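**Q** Residue numbers (this note's numbering): 925 to 1037. The structure under discussion is supplied below as structure tokens; questions concerning it will follow.
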Ligand code: AMP
């Protein structure tokens, strides 16, 4: 989608540090990492948020979830990780292209701030 920063990353119109890519999914390093490992896992299809996922997105979103453990393993996260999908204003979703933050290699806090 025009004017979507993550679509621009997916289309290689702007640079990013991509660590995983296939026909449906891309994972790249967050510009402002909140943990030693902080990736964004993103479907190549533009879906604005978790609130916009429809049955037609089942294959893409299911595929993405099966890739999480592989991407985590590639980052040496055998000790665990956190997957976060900020959705909407109260969760401070700033980029309106669904993305999963993969955070790891430090002890997380609960509850999150
Ligand atoms: P959220 O607040 O959940 O919408 O997260 C958006 C994330 O995208 C933030 O953690 C930003 O640091 C990150 N971000 C924004 N622009 C870029 C970019 N060009 N490359 C990598 N990460 C980005």
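Glycine is no exception: its CB is placed at the ideal position from the N, C-alpha and C atoms. Keep in mind the model is a prediction, meaning the values are calculated, not measured.
(1) Under a three-way DSSP split, which group does residue 965 fall into?
(2) What residues are listed by DSSP as bridge partners for residue 1026?
(3) Roughly how many angstroms lie between the CA atoms of residue 984 and residue 978, to the nearest whole one?
(4) How about residue 973: is its Cβ closer than 7 Å to a heavy atom in the ligand AMP?
(5) Sorry if obvious, but does the Cβ on residue 956 come closer than 7 Å to a heavy atom of the ligand AMP?
(6) What I want to know is whether the C-beta of residue 995 ends up closer than 7 Å to one or more non-hydrogen atoms of the ligand FAD.
(7) Out of 1034, 942, 999 and 992, state which residue places its alpha-carbon closest to the alpha-carbon of residue 1024.
(8) Go ahead and pull the three-state DSSP assignment for residue 942.
(9) Would you report the Cα separation of residue 1031 and residue 1001, rounded to the nearest angstrom?
**A** Per the coordinate set shown:
(1) Counting from 1 along the chain shown, the entry for residue 965 is found at position 41. Residue state, collapsed to three classes: strand.
(2) For the purposes of this step, residue 1026 is taken as residue 102 along the chain shown, with counting starting at 1. 963 and 1007.
(3) Taking the first residue of the chain shown as position 1, residue 984 is located at position 60. Taking the first residue of the chain shown as position 1, residue 978 is located at position 54. Going from the Cα of residue 984 to the Cα of residue 978 covers about 11 Å.
(4) By 1-based counting over the chain shown, the position of residue 973 is 49. No, Cβ of residue 973 sits at least 7 Å from all heavy atoms of the ligand AMP.
(5) Reading the chain shown from its first residue, position 32 is the one you call residue 956. Correct: residue 956 has its Cβ closer than 7 Å to the ligand AMP.
(6) Annotation note on the ligand FAD: not contained in the displayed structure, which lists the ligand AMP as its ligands.
(7) As a working mapping, residue 1024 is identified with position 100 in the chain shown. Minimum Cα distance to residue 1024 is reached at 992.
(8) Within the chain shown, numbered from 1, the residue matching residue 942 stands at position 18. If DSSP states are grouped into helix, strand and coil, residue 942 belongs with the strands.
(9) If you number the chain shown from 1, residue 1031 lands on position 107. If you number the chain shown from 1, residue 1001 lands on position 77. Near 12 Å, if we compare the C-alpha coordinates of residue 1001 and residue 1031.
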